[in-house]
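Read through the structure below, which is laid out as C-alpha cells, and then see the notes.
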Amino acid sequence: MKWKTLIIVFYAVSLSSFAIAQEKVIQLYSGKPAGSENWTWKEAVSDSNLFRTKVVYNVTQPTLTVFAPDRAKANGTAIVIAPGGGFQLLSINSEGNDEAKWLAAHGVTAFVLRYRVTHSVTNNPIQEMMTNLRDHKVMDSISGLIIPLAVTDGLTAMTYVRTHASEYHIQPDKIGFMGFSAGGTVTMGVAYKSNADAKPNFIAPVYAYLPPEFSSMQVPDKMPAFIVAASDDQLGLAPHSVTIYNKWMEAKQSAELHMYAKGGHGFGSRKQNLPTDSWIERFGEWLQLQGLLKGSK
Numbered sequence: 010m011k012w013k014t015l016i017i018v019f020y021a022v023s024l025s026s027f028a029i030a031q032e033k034v035i036q037l038y039s040g041k042p043a044g045s046e047n048w049t050w051k052e053a054v055s056d057s058n059l060f061r062t063k064v065v066y067n068v069t070q071p072t073l074t075v076f077a078p079d080r081a082k083a084n085g086t087a088i089v090i091a092p093g094g095g096f097q098l099l100s101i102n103s104e105g106n107d108e109a110k111w112l113a114a115h116g117v118t119a120f121v122l123r124y125r126v127t128h129s130v131t132n133n134p135i136q137e138m139m140t141n142l143r144d145h146k147v148m149d150s151i152s153g154l155i156i157p158l159a160v161t162d163g164l165t166a167m168t169y170v171r172t173h174a175s176e177y178h179i180q181p182d183k184i185g186f187m188g189f190s191a192g193g194t195v196t197m198g199v200a201y202k203s204n205a206d207a208k209p210n211f212i213a214p215v216y217a218y219l220p221p222e223f224s225s226m227q228v229p230d231k232m233p234a235f236i237v238a239a240s241d242d243q244l245g246l247a248p249h250s251v252t253i254y255n256k257w258m259e260a261k262q263s264a265e266l267h268m269y270a271k272g273g274h275g276f277g278s279r280k281q282n283l284p285t286d287s288w289i290e291r292f293g294e295w296l297q298l299q300g301l302l303k304g305s306k
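As numbered in the working numbering, residues 10 to 306 make up the sequence shown, in order.
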C-alpha cells in the first residue's frame, strides 16, 4: 500500500513539474528591439538576495510567459502583468508569477511580461537599485531612458495578446493590464498611449509610480481601473494612486481605490499578516463585478 501511495505521489509531482516546465514563453520581438540594439549583456536571475524573492535583471529581449487556466475554468478574460523593480530589475515571483497563478486558478489567462530594464553591472541588482534610488539624477537618467522602452514593450505585449486572442481562447474585449510599482508606470503608459489594438479593456495599477510627463495625459474612455496602494509606502507613492483615482473620477470613468493603512511598498503576494495580504481577493471581487470572471460566451 505504501509503495502504491509513493508511486501516485511521485507521478503527481512529475506531472506538476512537467506542467511548470511547459509554461509557454513568447518572444515579443523577432530581433533586437528598437532602442536597445546595442545592448550586449545577458539576462540573469537572482534567487538569494535582500528581497528574499526571485528577481530577473538585465532583460534585453522582452518576453511573455503564459499561465493558462484549465479549459473547464477559462472565462475568456486575460491580463498582462508587469512586475516592479525600479526599472532596474523585475520582482518576477511576488509581483508576477504568483499573481498569474492565482488568476489562472480563477479562469483568467495571465501573461507575465519581462520588459526591458537598465543594465546591472554586478550580480547584486537589488543593491545597485537601492544605491541608485538615493540619487535623483541617476534615477531621472534611468527613467528617461527606460520608461519609453518599457512602455513600448507593454504596448507590444497587449497587441500580441489581442491579435492572438483566439489561439488562447480569449475574448478580445476582455484583456486587461496590471502592473506593480515601475510596472504600474508601464500600466499607465499603456493606458495613455495605446491605439485600438493595444488598448486595455481595464487596468490595475498597484502602488504605481507616475512620472511627471503623465500628469497632462488624457484619461481613456471605457477603461475601468482597480487601484491599490498602502499609505505607509516607503517611497512616498501613495499619492500617485490617489491621483490616478481622482483623474478617473474627474473623467467620469469607473474606478475603485483600495488604500491600506499599512503594507508598505512592494507587498505584492508577500504575506505580512496585514490586510494587504488579501488585496488580490478584492481584485477578484472587482473582476466579478465587472463581469470578467463569468464564463465565456
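Just so you know, even glycine gets a beta-carbon here, dropped at the ideal spot from N, CA and C.
Answer with buried or exposed for residue i, where buried requires no fewer than 16 other C-beta atoms within 10 angstroms of its C-beta.
i, result
"glycine 153", "exposed"
"lysine 33", "exposed"
"glycine 300", "exposed"
"serine 250", "buried"
"lysine 8", "Summary: the structure shown does not reach residue 8, with the chain confined to residues 10 through 306, and so no result is reported for it."
"glycine 245", "exposed"
"methionine 138", "buried"
"serine 129", "buried"
"glycine 40", "exposed"
"methionine 258", "exposed"
"glutamate 294", "exposed"
"glutamine 281", "exposed"
"threonine 307", "This structure cannot settle anything about residue 307, because the visible part of the chain is limited to 10 through 306."
"glutamate 176", "exposed"
"leucine 296", "buried"
"serine 103", "buried"
"proline 78", "buried"
"threonine 49", "exposed"
"serine 203", "buried"
"alanine 30", "Because the pLDDT at alanine 30 is just 39, under 50, the model does not fix this residue reliably, and the point stays unresolved."
"histidine 145", "exposed"
"arginine 171", "buried"
"proline 248", "exposed"
"threonine 131", "exposed"
"alanine 114", "exposed"
Report yes if the CB atom of residue i is closer than 8 Å to the CB atom of residue j, and no otherwise.
i, j, result
"threonine 168", "aspartate 206", "yes"
"isoleucine 151", "glutamine 97", "yes"
"glycine 93", "leucine 122", "no"
"glycine 185", "isoleucine 88", "yes"
"lysine 63", "valine 75", "no"
"lysine 256", "proline 229", "no"
"leucine 302", "asparagine 84", "yes"
"aspartate 182", "asparagine 210", "yes"
If you drop the 5 nearest sequence neighbours on each side, which residues of the same chain put their C-beta closer than 8 Å to that of residue i?
i, result
"asparagine 141", "Gly95, Gln97, Val147, Met148, Ile151"
"isoleucine 307", "With the chain running from 10 to 306 in the structure shown, residue 307 is simply not present."
"lysine 51", "Asn67, Thr69"
"tyrosine 312", "Within the shown structure, residues of the chain are numbered from 10 to 306, placing residue 312 beyond reach of any answer."
"threonine 127", "Phe96, Gln97, Ile151, Leu154, Ile155"
"glutamate 222", "none"
"alanine 174", "Ala87, Gln180, Pro181, Ile184"
For residue i, which residues in the same chain have their Cβ closer than 6 Å to its Cβ, ignoring the five residues on either side in sequence?
i, result
"valine 237", "Val215, His267, Trp288"
"alanine 270", "Ser240"
"glycine 44", "Leu158"
"isoleucine 2", "Beyond the ends of the chain as shown, which are 10 and 306, falls residue 2; an answer cannot be given."
"glutamate 265", "Phe235, Trp295"
"methionine 187", "Ile88, Ile90, Ala213"
"aspartate 286", "Lys280"
"glycine 116", "Pro78, Lys82, Ala83, Asn84"
"serine 263", "Pro233"
In this structure, how does DSSP classify residue i when only helix, strand and coil are distinguished?
i, result
"phenylalanine 292", "helix"
"methionine 148", "helix"
"glutamate 32", "coil"
"glycine 185", "strand"
"methionine 226", "coil"
"proline 214", "strand"
"methionine 232", "coil"
"threonine 118", "strand"
"arginine 61", "coil"
"histidine 128", "coil"
"glutamate 265", "strand"
"threonine 72", "strand"
"arginine 279", "coil"
"tyrosine 177", "helix"
"alanine 159", "helix"
Spatial neighbours of residue i within its chain, please: CB distance less than 7 Å, with the 5 preceding and 5 following residues excluded, ordered by chain position.
i, result
"tyrosine 124", "Val68, Pro71, Ala91, Ala159, Asp162, Gly163, Val195"
"phenylalanine 292", "Ala213, Phe235"
"proline 284", "Tyr269"
"methionine 226", "Tyr201"
Beta-carbon of residue i versus every beta-carbon of chain B: anything under 8 Å?
i, result
"threonine 118", "Looking for chain B here will not work: only one protein chain is present."
Closer than 7 Å: is that where the CB of residue i sits relative to any heavy atom of the ligand GDP?
i, result
"aspartate 242", "Within the structure as shown, the ligand GDP is missing, as the structure has no ligands at all."
When the Cβ atoms of the segment 175-193 are set against those of the segment 202-222, are three or more pairs found closer than 8 Å? yes
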